[in-house]
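To start, the structure itself, in structure tokens.
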Amino acid sequence: MGRIFETRKATMMARWNKMAKLFTRISKDIAIAVKAGGPNPDSNSTLRRVLQNARAANMPKDKVDAAIKRASGQSAADYEIVLYEGYAPHGIALLVETATDNVVRTVANVRMHFNKHSGNLGTSGSVAFMFQRMGVFRLNPEGLDLDALELELIDHGLQEMGEGVGEKGEQQLIIRSAFADFGQLQAAIEAKGLVPVSADSEYVAQNPIELPEDKATEVLELVDALEQDDDVQRVFHNLA
């Protein structure tokens, strides 16, 4: 087991402390999960995972219940997941994951953010090859036998396991699998009675790039602008 270096994690996660935006993102995740698999988390593993993330974010139960109820209604918004690719300043690759009910609006807004911050919106496939889509679980390591856990989870798709730091500086255990093994690994973690701090699919940069602080700040300004857009769920980059 080693240390997993998460690119500018503390800097990026601090922005998610803006609760209104975070709750909006989770509400969309709930809507997408309910549309795909129904409103019962016992039979919908994706919804069960999203609800775990909602609890970890301290999203009020009434907001969670309201999101499930809205998603179950006939008039619920039908969100489409669209991935945009491009470059931030200084050649840093970006993947922008959106959940939208209006693709025309979303692509216009994403392009505007890129242009305003000296980036370039690219075509499909222009940077995606620099990332690997993985299942990523974050757990509280306290009280865990890490060596035994690692050996057990290897049989369920574990590819990487290491130490990390959460948005408040707390120690975390980060577990990664190939995206195809996400459900299998989630089931194995749940079978052990472990409740992840968060669980999601992420695009992990294969070769992170280091920049001086002033140039890195320019990149993160674009990342921040994109993350604050209502249609954007998450932004991934290869800045080390």
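Residue numbers (the UniProt record's numbering): 1 to 240.
Cβ coordinates follow ideal geometry from the N, Cα and C atoms, glycine included.
{"query": "Would you call Leu51 buried or exposed, if buried means 16 or more other Cβ atoms sit within 10 Å of its Cβ?", "result": "buried"}
{"query": "Mind checking which residues open and close the beta strand (DSSP E) that includes Ala77?", "result": "Ala77 -> no beta strand (DSSP E), and no H or E assigned at all."}
{"query": "Pop quiz: Tyr84 and Val110 are said to be a contact at Cβ under 8 Å. What is the actual Cβ separation, rounded to whole angstroms?", "result": "5 Å"}
{"query": "Just the Cα atoms here: how many angstroms apart are Ile81 and Thr100?", "result": "7 Å"}
{"query": "Let me check understanding here. Comparing Cα to Cα, which of Gly91, Ala67, Asp231 and Leu239 lies closest to Thr106?", "result": "Asp231"}
{"query": "For Asn115, count the other beta carbons within 10 Å of its own beta carbon; 16 or more makes it buried, fewer makes it exposed. Which is it?", "result": "exposed"}
{"query": "Buried or exposed, going by whether 16 or more other CB atoms sit within 10 Å of the CB of Asn58?", "result": "exposed"}
{"query": "Expressed to the nearest angstrom, what Euclidean distance is found between the alpha-carbon atoms of Leu153 and Val197?", "result": "17 Å"}
{"query": "Rounded to whole angstroms, what's the CA-CA distance from Asp62 to Glu221? Just pull it up for me.", "result": "33 Å"}
{"query": "Taking the alpha carbon of Ala20 as the point to measure from, which residue in Asp229, His237 and Ala240 has its own alpha carbon closest?", "result": "Asp229"}
{"query": "Please identify the residue among Asn102, Leu95 and Ile189 whose C-alpha is closest to the C-alpha of Gly119.", "result": "Leu95"}
{"query": "For Arg48, I'd like the list of residues in its chain whose CB is within less than 6 Å of its CB, leaving aside the five on either flank, ordered along the chain.", "result": "Pro41"}
{"query": "Between Val195 and Pro60, what straight-line distance do the alpha-carbon atoms span, to the nearest angstrom?", "result": "18 Å"}
{"query": "Apart from the five residues just before and just after Arg70, which ones in its own chain have a Cβ nearer than 6 Å to its Cβ?", "result": "Ala76"}
{"query": "Please state whether DSSP places Asn109 in a helix, a strand or coil.", "result": "helix"}
{"query": "Can you give me the C-alpha to C-alpha distance between Glu142 and Leu149, rounded to a whole angstrom?", "result": "13 Å"}
{"query": "Would you kindly check if the distance between the Cβ of Gln184 and the Cβ of Gly164 is under 8 Å?", "result": "no"}
{"query": "Need the endpoints of the beta strand (DSSP E) that Asp200 sits in, please.", "result": "Ser198 to Ala205"}
{"query": "I need the straight-line Cα distance from Arg176 to Phe182, nearest angstrom please.", "result": "9 Å"}
{"query": "Tell me which same chain residues have a C-beta within less than 7 Å of the C-beta of Gln171, skipping the five on either side of it?", "result": "Pro141, Glu163 and Val165"}
{"query": "If I'm right that Ile30 touches Ile68 with Cβ under 8 Å, what's the distance once you round it to whole angstroms?", "result": "6 Å"}
{"query": "Look at the alpha carbon of Gly2 and the alpha carbon of Asp147, and state the distance between them as a whole number of angstroms.", "result": "Per-residue confidence for Gly2 stands at a pLDDT of 49, beneath the threshold of 50, marking its modelled position as unreliable; the derived number appears in the next sentence. Approximately 11 Å between the Cα atoms of the pair."}
{"query": "What does the Cβ neighbour count give for Met112, buried or exposed, with the cut at 16 atoms within 10 Å?", "result": "exposed"}
{"query": "What residue ranges within the region 45-133 form continuous beta strand (DSSP E) runs of no fewer than 3 residues, ordered along the chain?", "result": "80-87 and 93-100"}
{"query": "Straight-line CA distance for Ala88 to Lys168?", "result": "27 Å"}
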